[in-house]
Amino acid sequence: MKKKLKLLLASCLINILAFAQEPSKLSVDDAIRMAVEKNFDVEIVKNEQQIGAINNNWGTAGLWPNINLNSTLGIASNNLEQRLTNGTTIKRNGAILRNLNAGFAVSWRIFDGMRMFASKRRLEELEKIGELSFRSQVNTTVFNVIAAYYEIVQLNQQRKALQATIKFFEERKLIAESRFTIGTAPKTDFLQAEVDLNQQKGSLLAIENNIRVAKANFNNLLARKPETIFEVMEVIEPDATVSYAALQQKATTDNYDLLLAQSSLSVLVQQKREIISQRLPSVTLNGNFNLSQSKNDAGFTLFNRNLGPNGNIGIAIPIFQGGNIKRQEQVADIGIKNQQIVIDRLKNQVNTSLLNAFYNFQNALNLVKLEKNTLALIEENNVIATERFRKLAITSLELRQVQIDYINGQTRYINSLYMAKLAEAEMKLLAGDLNKL
């Protein structure tokens, strides 16, 4: 009884340890969350976004005054010789002169042709560009994670299918070897069966290596150590309910390339307004509160102090700048015109890419249905052909062709699933919809 209890406990312990050592399965949603939080490119763009937010203030735009506190302290040693009109002579060596100057200065440009307001709007657009760049990078990172994740799923499915296929090739080899041994088939059938089996084993080794490489690259996307062990889910499920019309509408309003181009146009417009402001007068208020003090060991003035405020209003009226303002305006107009062309081109490119992705998606879905039905037929044909080969009803060459068809059918089916998922993700990428997962 004690032995049975010990065996039971040992068995439970082994099962627990085995379960604990199994790599955790990572869902695509969890992978996306990890990438958004830790991906290196996302972190870099996030920091750049913060720079834009810091720069967006009225001080950078030029609204606030400049306030300075200035102070100088000087000392000098002079040899003094003075002859007065009354005949008196003053002669002194090493006379010390001390000077102290201190001032509080304020300069405030209260009008600059509305340049400061145009600058503030430009800074706001630059901050917006930073936000859009961050969201665009998140969108792109999510797409890369989805593509990399389902590439691993695809490779796992290919490995699983190839492992099952190898069993058929092993069975064919055993049958061919047995028939050759008893003299009912030539040795070439046996050799060809062994060659084909080795080829499939070589393909399996290649796929296993591709899985290792794909996992290392995937870990890099998640900012993890490349050797981190994990497993993915086993199923690729394209969303057949995706609406092209809805995505097309979202692409016109939410595509990040378009939004960034439109914000860049707004920046150019504000830059032109800053240029135009140079044609208008500027008004600057200047104020000072100064202290000037000197002490002299010799001379007429032994001590002098001046203390008090002063101020002025400065007005600058631009008359002629060598045609530079006009030239800058012309360049700005061309830049705005070009940016509008860029936006129109982007709209057309986005619509074209979205339509092509939809075509690819529909084609992949149709292929999934077709290849699924075809694969069922091939699997049945493979079972029948193997049995007929065992009964000498077909040749080794005929069975080999059936098995090759089986491999190709599996590959086409798995690839069509992956291409459908990839096309689905690409459509959502173009619509700016991936970062909402």
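Quick note on numbering: the sequence shown equals residues -20 to -1, 1 to 417 in mature numbering (1 follows the signal peptide of the UniProt record, and there is no 0).
From the three backbone atoms N, C-alpha and C, an ideal C-beta is built for every residue, glycine too.
Just so it is clear, the structure is predicted and the values come from calculations on it, not from any experiment.
Between the stretch 392 to 402 and the stretch 334 to 352, the count of Cβ pairs shorter than 8 Å is three or higher; the stretches touch. Considering only Asn276, Gly302, Glu107, Glu351, the residue with the shortest C-alpha distance to Gly54 is Asn276.
Residue nearest to Pro261 within the set Asn270, Ile297, Asn290, Glu254 is Ile297 (criterion: CA-CA distance).
Across the structure, Ile394 and Leu103 are spaced so that their CA atoms are roughly 50 Å apart. The criterion of a C-beta distance shorter than 9 Å is satisfied by Ile293 and Leu265. By DSSP's assignment, Gly39 forms no beta bridge with any residue.
For Thr168, the enclosing alpha helix (DSSP H) starts and ends at 167 to 201. The DSSP-derived three-state label of Val363 is helix. For Arg115, the closest C-alpha among the options Tyr236, Glu378, Gln301 is that of Tyr236. In the assembly as shown, Gln390 is a buried residue. Its beta-carbon has 16 or more other beta-carbons within 10 Å.
Excluding its 5 nearest sequence neighbours in each direction, Ala203 has C-beta neighbours in its own chain below 7 Å: Lys18, Asn19, Phe20, listed in chain order. As for any beta strand (DSSP E) of minimum length 3 sitting wholly inside the stretch 310 to 365, there is none.
Gly93 and Ser257 have their C-alpha atoms roughly 4 Å apart.
The C-beta of Ile90 has fewer than 16 other C-beta atoms within 10 Å across all chains shown, which makes the residue exposed. In this model, Gly39 and Ile47 are separated by some 12 Å (Cα to Cα). The shortest CA-to-CA distance from Asn124 to any of Arg192, Asn190, Asn200 is the one to Asn200. In the three-state DSSP reduction, Thr264 falls in the strand class (E or B). It is roughly 42 Å from the alpha-carbon of Glu105 to the alpha-carbon of Val133.
At the C-beta level, Leu245 and Gln308 stay beyond 9 Å of one another. When the five nearest sequence neighbours on each side are left out, the beta carbons in the same chain lying within less than 8 Å of the beta carbon of Phe149 are those of Ala173, Asp176, Leu177, Gln180, Gln383, in order along the chain.
Annotated as proximal: Val212 and Asn136, with beta-carbon spacing under 9 Å.
A residue is called buried once 16 or more other Cβ atoms fall within 10 Å of its Cβ, and Ile34, having fewer, is exposed.
Rounded to whole angstroms, Asn81 and Pro45 show a C-alpha spacing of 23 Å. Linking Leu350 to Ser243 through their CA atoms gives a straight-line distance of about 46 Å. Counting other Cβ atoms within 10 Å of its Cβ, Val247 reaches 16 or more and is therefore classed as buried.
Contact annotation, Asp219 with Glu404: C-beta distance approximately 6 Å; criterion of less than 8 Å satisfied. In terms of CA proximity to Leu238, Ser113 leads the group Ile187, Lys71, Asn37, Ser113. A direct Cα-Cα distance of roughly 27 Å separates Arg285 from Thr69. Residue nearest to Asn73 within the set Ser87, Trp88, Ser57 is Ser57 (criterion: CA-CA distance).
Taking Gln143 as the centre and dropping the five residues before and after it, the same chain places the C-beta of Leu184 closer than 8 Å to its C-beta, in chain order.
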